[in-house]
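Some notes on the structure that comes next.
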DNA sequence: ATGAATAGTGAATCATTATTCATTATAACA
DNA sequence: TGTTATAATGAATAATGATTCACTATTCAT
């Protein structure tokens, strides 16, 4: 009895990441993914039930990994909330720096599949955000973060800003070097949420 | 000699906004837009050369209007940069509050058509952003805004955060009431960019 | 070494929809 | 009021591309 080739499954996924990033989910062709993966068109369907399943697995893996990493940060007592926040930013930047195609897919396709409730995409994404939120909550409780900001709004604010900056980066990597983005993001976030004298002056 | 009916052209555009927002550009059907506009499928093509042209006009109108409004703000001397920034936020929120479908289209579709250089979408969008940037620049020059933040990055940061918050609102209008969003956005932006003592302490 | 059992194939199928076009209806003008 | 140019129509077309499936190749247990 033959068995399905795990490497081939991975090759298809990798090809999917590349093609979806280059062409966008809707215009991406299964035939192209198959070619890039070095398999026949029909073989794709041995490993994934359909086109959507491929991108869903891609997104699930992304958020699963990030959610895990952040979860490990939460309970560390050797780090301040600010440091934890910075580490999260670093981890996210690291993943996308290592795999720019993944960044493009996140920016362009993630939302629609989360919306339609495909697979565990939303659940894993929420787990990631919830963990981040918990860290912010800790900072507020300890009077390190400004309590005037609605946490639910703040978490989306950060993600949105991050997603858009990433989008700019994918469009113009020279003009928006990831490292500069990373530093600026940290700076803006901190000075937007840190407790400081002036914050009170401006209602 | 008969002439093309301007109202019909507008009805098609309005139907387009509604259908593109509900179904997304790719899955939106011309037949559905026609039905909603109260014309025959083929009639669409009397007014627009193809499907893409419809959404392009939608996006062009949006940015043209906003760019105009912001341009008028720039040179007003009776307003502080902070006030100008707040007015821009108000104007944008006003447009999207009045037309939620437009907000959804901006959030989900704008990027891809800007990317492919469709029509004047990118030019008008850039004009809008450039005007915003000019106001920020004024604030920095007058030492009201923090100079540590890269303006190019900041402008995308704001737009991204805004876009994402809007996305949350379209998904859950109760949980993210636009007015709360508006106030929080103003607060976070100001305390992230305003010149204040604590900002220097954090590198 | 043999033969199930399943992997792998890619051409053919099938469904989907944007667009066209032959035809009819109507508004504007003489 | 008749003529005509063009608007309006919607069924037919044409293109596209995901998915299927009849067939071949390969693996592995015996």
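Chains as they are written, first to last, in our numbering: chain V, 5 to 207; chain S, 5 to 207.
Just so it is clear, CB atoms sit at the ideal spot from N, CA and C, and this is done for glycine as well.
Just so it is clear, the structure is predicted and the values come from calculations on it, not from any experiment.
Proximal residues of chain V, C-beta to C-beta of residue i below 8 Å
i	result
residue 147/S	The contacting residues do not exist; residue 147/S stays about 13 Å from chain V at best.
residue 35/S	Residues of chain V passing the Cβ test: none, with the nearest at roughly 19 Å.
residue 30/S	30
residue 54/S	Going along chain V, no residue has its Cβ under 8 Å from residue 54/S, so there is no contact; the nearest lies around 16 Å.
Cross-chain neighbours of residue i in chain V, by beta carbon under 9 Å
i	result
residue 184/S	154 and 157
Under 7 Å from the C-beta of residue i: neighbouring residues of chain S
i	result
residue 163/V	168
Of the residues the options, the one placed nearest residue i, counting alpha carbons only
i	options	result
residue 186/V	14/S, 185/S, 180/S and 153/S	153/S
residue 156/S	176/V, 145/V, 149/V and 163/V	176/V
residue 149/S	172/S, 116/S, 195/S and 164/S	195/S
residue 117/S	116/V, 121/V, 118/V and 112/V	112/V
residue 55/S	41/S, 182/S, 37/S and 42/S	37/S
residue 125/V	12/V, 57/V and 14/V	57/V
residue 162/V	180/V, 184/V and 188/V	188/V
residue 144/V	183/V, 84/V and 166/V	84/V
residue 93/V	8/V, 170/V and 14/V	170/V
residue 179/V	191/S, 179/S and 160/S	160/S
residue 51/V	32/V, 7/V, 71/V and 173/V	7/V
residue 167/S	109/S, 78/S and 35/S	109/S
residue 174/S	80/V, 182/V and 115/V	115/V
residue 128/S	34/S, 71/S and 12/S	71/S
residue 76/V	120/V, 10/V and 132/V	132/V
residue 10/S	34/S, 24/S and 41/S	41/S
residue 182/V	158/V, 119/V, 146/V and 95/V	95/V
residue 12/V	5/V, 82/V, 33/V and 39/V	39/V
residue 165/S	119/S, 146/S and 191/S	191/S
Coil, strand or helix - residue i by DSSP
i	result
residue 159/V	helix
residue 29/S	coil
residue 43/V	coil
residue 102/S	helix
residue 54/V	coil
residue 178/S	coil
residue 5/S	coil
residue 122/V	coil
residue 77/S	helix
residue 64/S	helix
residue 83/V	coil
residue 154/S	coil
residue 142/S	helix
residue 113/S	coil
residue 188/S	helix
residue 13/S	helix
residue 207/S	Note that residue 207/S has pLDDT 33, beneath the 50 cutoff, so the model's placement of it is unreliable and no number is given.
Proximal chain V residues relative to residue i, where beta-carbon distance stays under 7 Å
i	result
residue 160/S	168, 169 and 172
Neighbour list for residue i in chain S, Cβ cutoff strictly below 8 Å
i	result
residue 114/V	In chain order: nothing, as chain S lies at least about 11 Å away.
Partner residues on chain S for residue i, Cβ-Cβ distance less than 9 Å
i	result
residue 188/V	152, 153, 154, 157, 158 and 161
Next item on the list: Report yes or no: do three or more beta-carbon pairs, one from the segment 53–70 of chain V and one from the segment 99–106 of chain V, lie closer than 8 Å?
Entry: yes
Notebook entry, point to check: Any contact of the segment 49–63 of chain V with the segment 14–25 of chain V, i.e. 3+ C-beta pairs under 8 Å?
Noted result: yes
Margin query: Does the contact criterion of 3 or more C-beta pairs under 8 Å hold for the segment 39–50 of chain V versus the segment 103–111 of chain V?
Written below: With a cut-off of 8 Å, the segment 103–111 of chain V and the segment 39–50 of chain V do not count as touching, because too few Cβ pairs lie within range.
Notebook entry, point to check: For the segment 125–141 of chain V against the segment 131–139 of chain S, are there 3 or more C-beta pairs whose distance is under 8 Å?
Noted result: no
Notebook entry, point to check: Is there contact between the segment 85–92 of chain V and the segment 24–37 of chain V, where contact requires at least three CB pairs shorter than 8 Å?
Noted result: no
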